[in-house]
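To start, the structure under review is shown below, and the notes come after it.
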Amino acid sequence: MKLSVIIPTLNEDKRLPGLLNFLAGKGLEIIVADGGSGDGTAAIARSFTPLVVISPPGRGIQMARGARLATGDVLLFLHADTLLPGAFKAIIERALSRQGAVFGAFRLDIRPISPALRLIRLGANLRTRLFSLPYGDQAVFVRRSVYEKLGGFAEIPIMEDVELALRLKKAGRFVMAEGSAVTSARRFEKEGALMAWLRNQNLLWRYLLGTPPENLLPRYRPVR
């Protein structure tokens, strides 16, 4: 299995070197899709891989553009503030070997953890198992043939992960991979875990009920 890793970035010069060092030497195709960072992110990326694409900011746009460069059998979309188990490549290969599997994700973990974040983690993992709706910080992976057949990520400003998952569910089976994707708690820290969770639930349900992503964007506060 050839694995292409697509990393969307925006002002990630503090976190990107550690992630790229972790990925180096594992036989991966590494693609960094930068959203026009004002720091040294793009230069750091180019020191590790020739596959760097610059696009307008927005993870949906960035990941869509990055995926166009991919040549792997499987695409892994990995946020710069997310860490995976050391054997993640073998874990993904095992997950996709299951009958009918076309896409999957890891269990969510959050660090540093708190009692409120434990509840959020529990809810996110239950949602993923029950409804096959992982969020992007769970390191979503997908067969490239299926991804391309469905047209890939929609270039929308928010909810790109949910929108893609809803289409992938119709194409085949979702699998939860062994192990966890450990993501940073930074997006919860500024406004507090409870307020961030309430806002995210509000955005999700409004989207599922038909609100256009462009109308949701003013309520979304990306953290960098």
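According to the working numbering, the residues represented by the sequence shown are 19 to 242, in order. Backbone N, C-alpha and C define an ideal beta-carbon position, used for all residues, glycine too.
- Counting the other CB atoms within 10 Å of its CB gives P152 a total of 16 or more, which places it among the buried residues.
- Bounds of the alpha helix (DSSP H) holding I62 are T59 to F66.
- Non-local C-beta neighbours of L46 in its own chain, meaning closer than 7 Å and more than five positions away in sequence, comprise L21 and V23, ordered along the chain.
- Assignment of M177 by DSSP, reduced to helix, strand and coil, places it in the coil class.
- Secondary structure at P103: coil, using DSSP grouped into helix, strand and coil.
- When the beta-carbon positions are compared, A172 and E166 stay at least 7 Å from each other.
- Distances from the alpha-carbon of G210 to those of L168, P133, T67 and L87 put P133 closest.
- Scanning its chain for C-beta atoms nearer than 7 Å, with the 5 sequence neighbours on each side dropped, one finds around P75 the residues L28, G53 and G54, in chain order.
- A residue is called buried once 16 or more other Cβ atoms fall within 10 Å of its Cβ, and A42, having fewer, is exposed.
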